Structures are given as structure tokens and as C-alpha cells.
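Asker: Here's a structure for you.
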Amino acid sequence: QVQLVESGGGLVQAGDSLRLSCATSRHTFSNYHMGWFRQAPGKEREFVASIRRWSDTDYADSVKGRFTISRDNAKNTVFLQMNNLKPEDTAVYYCAAGLSSGRYNYWGQGTQVTVSS
Numbered sequence: 038q039v040q041l042v043e044s045g046g047g048l049v050q051a052g053d054s055l056r057l058s059c060a061t062s063r064h065t066f067s068n069y070h071m072g073w074f075r076q077a078p079g080k081e082r083e084f085v086a087s088i089r090r091w092s093d094t095d096y097a098d099s100v101k102g103r104f105t106i107s108r109d110n111a112k113n114t115v116f117l118q119m120n121n122l123k124p125e126d127t128a129v130y131y132c133a134a135g136l137s138s139g140r141y142n143y144w145g146q147g148t149q150v151t152v153s154s
């Protein structure tokens, strides 16, 4: 079992930045592909960004150029740096982990991000 704990959410204004963190105590963290997803009220959960265990990344078109995903294997943590936030980025953000690229078996509890206009 992999436990994921997100942090860093909050209430910000449009144009501000936030950095989300997702920590796990799993000592084999470096073996996991990691992803960030989000779910806005009344909408389905959607992909935001992913970073594979060899550190190549993917992004949703809506966040390209504004969000950056990274990982620190020594700290068993994945980050999501979010710049130039927009009201449409408002959602609960979830961290996810999986051993197969694109398939996530473990999910965090989520952290709320609210962007006011």
C-alpha cells in the first residue's frame, strides 16, 4: 500500500502561484510513475500532469506553460508548481502513483485550490 499526502493548496487570486507537494513514506518511491489530477465541482476528474520514474513529463493542454511537475526521489515527494493561476484552475487536486505508466493505483486525499478573479 502506498499512502500519498498532498499539501500546499489554498485560496489565491488570479495570476498568483502555488506549489503543491505530495509526500509518501514509500522507500521505493523512485519506482513509481506519479501524476496530478483535479476535479472541479460538478465535473469529472481530469488529468493535469505526470512524471514518469525516469522523469519525463506530460501536461494537459490547459496547463502547459503554466504548471511544472517535478520529483525529488531523495525526499519521496512530487511537486506541482502552478504559476499564473486562473479561476478555471479551481478544483481539488489529487496526487496519484502507479507502477505502470499511465495507470494509477494509489491516490491521495486531495487538496483544495481556489483561484478568485
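Count along the sequence shown from 1, then add 37; that gives the number in our numbering. Think of the CB as a built atom: it goes at the ideal place given N, C-alpha and C, for glycine as much as any other residue. Since this is a predicted model, take the numbers as computed values, not measurements.
If you draw a straight line from the C-alpha of SER92 to the C-alpha of PHE66, how long is it?
Answerer: If you take the alpha carbons of SER92 and PHE66, they lie about 12 Å apart.
Asker: By the 10 Å Cβ neighbour count, where 16 or more other Cβ atoms means buried, how is GLU81 classified, buried or exposed?
Answerer: Flag for GLU81 reads exposed.
Asker: Taking C-alpha atoms, which residue in ALA60, SER137, LYS112, ARG75 lies nearest to ALA2?
Answerer: Nothing can be reported for residue 2, as the shown portion of the chain is limited to 38 through 154.
Asker: Within this structure, are the beta carbons of ASP95 and SER87 separated by less than 8 Å?
Answerer: For ASP95 and SER87, yes; Cβs fall inside 8 Å.
Asker: Which one of ASN113, GLN149, LEU122, VAL150 has the shortest CA to CA distance from VAL39?
Answerer: Closest by alpha carbon: ASN113.
Asker: Could you check whether the Cβ of THR151 sits closer than 8 Å to any Cβ belonging to chain C?
Answerer: Among the chains of the structure shown, chain C does not appear; only one protein chain is present.
Asker: Could you check what DSSP says for SER67 in three-state terms: helix, strand or coil?
Answerer: In the structure shown, SER67 sits in a helix (DSSP, three-state: H, G or I).
Asker: Here's the rule: buried if 16 or more other CB atoms are within 10 angstroms of the residue's CB, otherwise exposed. What is GLY72?
Answerer: Buried, since its Cβ has 16 or more Cβ neighbours within 10 Å.
Asker: Using DSSP's beta-bridge definition, name the partner residues of LEU55.
Answerer: MET119, per the DSSP bridge assignment.
Asker: Does DSSP put ASP95 in a helix, a strand or coil?
Answerer: Strand, per DSSP.
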